[in-house]
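This report concerns only the one structure given below.
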Amino acid sequence: MLSSHAHRTAENSAAQLLPELRAGMDLLDVGCGVGTITVGLAQRVAPGRVEAIDVSEQVVAATARLARDHGLAGTVRARVADVMDLPFPDASFDVVHAHQVLQHLSDPVGALVQMRRVLRPGGLLAVRDADYDAMRWYPDSTGLERWRRLYTDIARANGGTPDAGRRLLAWCRSAGFTDVTAGSSTWCYADAQSRAWWSDTWAERTGAVDVPGLGRDAVSRGVAMAEELASMAGAWRRWGSDPDGWFVVVHGEVLARKEAGPGQEAWRRIAES
Ligand SMILES: C[S@@+](CC[C@H](N)C(=O)[O-])C[C@H]1O[C@@H](n2cnc3c(N)ncnc32)[C@H](O)[C@@H]1O
343 MLSSHAHRTA ENSAAQLLPE LRAGMDLLDV GCGVGTITVG LAQRVAPGRV
393 EAIDVSEQVV AATARLARDH GLAGTVRARV ADVMDLPFPD ASFDVVHAHQ
443 VLQHLSDPVG ALVQMRRVLR PGGLLAVRDA DYDAMRWYPD STGLERWRRL
493 YTDIARANGG TPDAGRRLLA WCRSAGFTDV TAGSSTWCYA DAQSRAWWSD
543 TWAERTGAVD VPGLGRDAVS RGVAMAEELA SMAGAWRRWG SDPDGWFVVV
593 HGEVLARKEA GPGQEAWRRI AES
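Per our numbering, the sequence shown runs over residues 343 to 615.
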């Protein structure tokens with residue numbers, strides 16, 4: 343799973359945010375994972391401060407290492423923290439970013455309320471999440487349909503929302519954001535190299551029952567036997583070796599601006615007059 347996250351970059355996963363970033367902005371990356379997106383964001387906002395948080399000690403250490411390797415040790419501070427209890431005062435950041443995090447949370451709106459709290463007035467929230475029920479592929483495969491059902495059932499049993507992408511606009515509005523722009527974007531795997539990588543990633547995550555991941559989760563919940571998982575992994579490998587294979591991952595995404603406070607509004611009017 344961690345190796346699949348390492349292919350993510352600011353360019354392929356946060357394109358909606360990049361035109362908004364400026365040197366000197368303070369940015370919080372929530373659920374930073376192994377940090378490959380974080381470093382791309384940090385390169386754009388340096389010398390601004392970047393805080394990267396995640397509940398997993400292992401990935402926080404990986405983010406800190408990657409930041410050092412990119413010469414960003416003075417910009418990125420990675421630490422273990424829970425989005426539901428962000429260890430920052432109100433109005434600490436110009437930008438708060440979370441990629442494929444809300445879909446895993448049992449209270450995504452509560453998380454967004456926290457993220458809004460730490461934004462400065464006029465600051466920007468950027469969130470992006472996948473929508474598993476909207477994923478499409480070719481050619482048809484009953485093995486991949488069974489994999490999708492298994493993944494979404496387990497994600498829901500774990501308290502997550504695998505079709506989070508379509509709900510981001512609603513969740514942001516529920517969390518109090520009023521200036522919200524929603525859109526969508528995709529990852530598409532349709533050349534030999536990306537097809538092989540995507541299919542290997544999922545074949546391993548599904549078929550391996552002795553390491554943390556979908557396969558082990560399925561067995562421990564008693565919802566699939568090792569043989570069924572091996573058959574789904576086989577469907578992934580067959581799809582991956584088909585030169586006609588095409589797979590699109592649909593994402594919902596949102597940019598939401600925290601409304602400027604009355605003081606800032608008055609200042610803007612004075613500045614414009
Ligand atoms: C799918 S990964 C995405 C990682 C990274 N944003 C990326 O796209 O490469 C989701 C991450 O959210 C983290 N996470 C889950 N629950 C969290 C919470 N309550 N607070 C902070 N991070 C959390 C996980 O540990 C995991 O690293």
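Ideal Cβ placement from N, Cα and C applies to all residues, glycine included.
Length of the line joining the Cα atoms of residue i and residue j
{"i": "A406", "j": "R537", "result": "30 Å"}
{"i": "R558", "j": "A365", "result": "43 Å"}
{"i": "L466", "j": "G576", "result": "43 Å"}
{"i": "R515", "j": "G452", "result": "12 Å"}
{"i": "E570", "j": "W544", "result": "14 Å"}
{"i": "A568", "j": "T380", "result": "36 Å"}
{"i": "G582", "j": "Y480", "result": "11 Å"}
{"i": "G502", "j": "V438", "result": "21 Å"}
{"i": "N617", "j": "V469", "result": "An answer regarding residue 617 cannot be provided, because it is not within the stretch 343 to 615 covered by the chain."}
{"i": "A560", "j": "C530", "result": "27 Å"}
{"i": "R458", "j": "V425", "result": "11 Å"}
{"i": "T378", "j": "L447", "result": "21 Å"}
{"i": "T528", "j": "G507", "result": "11 Å"}
{"i": "V565", "j": "D475", "result": "19 Å"}
{"i": "S573", "j": "A404", "result": "33 Å"}
Assigned secondary structure, residue i (DSSP; H/G/I helix, E/B strand, else coil)
{"i": "V392", "result": "strand"}
{"i": "L466", "result": "strand"}
{"i": "G413", "result": "coil"}
{"i": "A420", "result": "strand"}
{"i": "L461", "result": "strand"}
{"i": "P619", "result": "Beyond the ends of the chain as shown, which are 343 and 615, falls residue 619; an answer cannot be given."}
{"i": "D533", "result": "coil"}
{"i": "N500", "result": "coil"}
{"i": "P361", "result": "helix"}
{"i": "A577", "result": "helix"}
Nonlocal neighbours in the same chain, by C-beta distance under 7 Å from residue i, ignoring five residues either side
{"i": "G525", "result": "Q358 and E595"}
{"i": "D542", "result": "G582"}
For residue i: DSSP bridge partner residues
{"i": "Y474", "result": "Answer is none; Y474 lacks a bridge partner."}
{"i": "H446", "result": "In DSSP, H446 forms no bridge with anything."}
{"i": "A440", "result": "V372 and V469"}
{"i": "A598", "result": "L467 and V522"}
{"i": "W479", "result": "F589"}
{"i": "T528", "result": "V592"}
{"i": "F435", "result": "L461"}
Same chain only: Cβ atoms within 6 Å of residue i, ignoring 5 sequence neighbours per side
{"i": "L428", "result": "Q456 and V460"}
{"i": "F519", "result": "A598"}
{"i": "A550", "result": "G557"}
Cut-off 8 Å between Cβ atoms - residues of its own chain near residue i, not counting five sequence neighbours on either side
{"i": "V553", "result": "none"}
{"i": "A532", "result": "G587, W588 and F589"}
{"i": "E362", "result": "V437, L466, A468 and L597"}
{"i": "S498", "result": "Note on identity: in this sequence residue 498 is Arg, with Ser being the wrong assignment. Excluding residues within five positions, the ones whose Cβ falls inside 8 Å are P504."}
{"i": "V422", "result": "I395, D396, V397, S398, E399 and V402"}
{"i": "R391", "result": "D368, L369, T417 and R419"}
{"i": "M477", "result": "R490, F589, V590, V591 and V592"}
{"i": "T484", "result": "A577"}
{"i": "G382", "result": "T351, A352, E353 and A356"}
Cβ distance (whole Å) where residue i is taken to contact residue j below 8 Å
{"i": "L369", "j": "D432", "result": "L369 to D432, Cβ: 16 Å. No contact."}
{"i": "A440", "j": "G373", "result": "6 Å"}
{"i": "A602", "j": "G464", "result": "4 Å"}
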